[in-house]
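Numbered according to the UniProt record's numbering, the sequence shown spans residues 1 to 50. Heads up, the thing below is written out as structure tokens.
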Amino acid sequence: CDLQGLWRNELGSNMTVLATNTAGTFSGSYHTAVAATNKQILVSPLQGVQ
């Protein structure tokens with residue numbers, strides 16, 4: 001299964017998934033567009049295994 005790409009939801013948040021290696025591990029980033037305060041929203045690292 002190829003998960004690589006940019007995924008965006010209807011609220012404007014996005015998730016970037018980089019290529020999966022031979023062990024099935026992938027990484028990327030998640031950036032939410034939704035906040036309850038005026039503070040800067042930081043990009044979160046993303047890691048997973050398929």
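For every residue, glycine included, the Cβ atom is placed at its ideal position computed from N, Cα and C. In this text, all values refer to a predicted model and were calculated from it rather than measured experimentally.
Query raised in the report: In chain order, what residues of the same chain lie with their CB nearer than 6 Å to the CB of S44, ignoring the 5 residues before and after it?
Result: Y30
Report task. Check the DSSP bridge columns for L6 and list the partner residues they point to. Result -> T16
Query raised in the report: From G12 to V34, what does the alpha carbon distance come to, in whole angstroms?
Result: 8 Å
Query raised in the report: Distance, Cα to Cα, Q47 vs T16?
Result: 11 Å
**Report entry** Where Q40 falls: helix, strand or coil (DSSP)
**Finding:** coil
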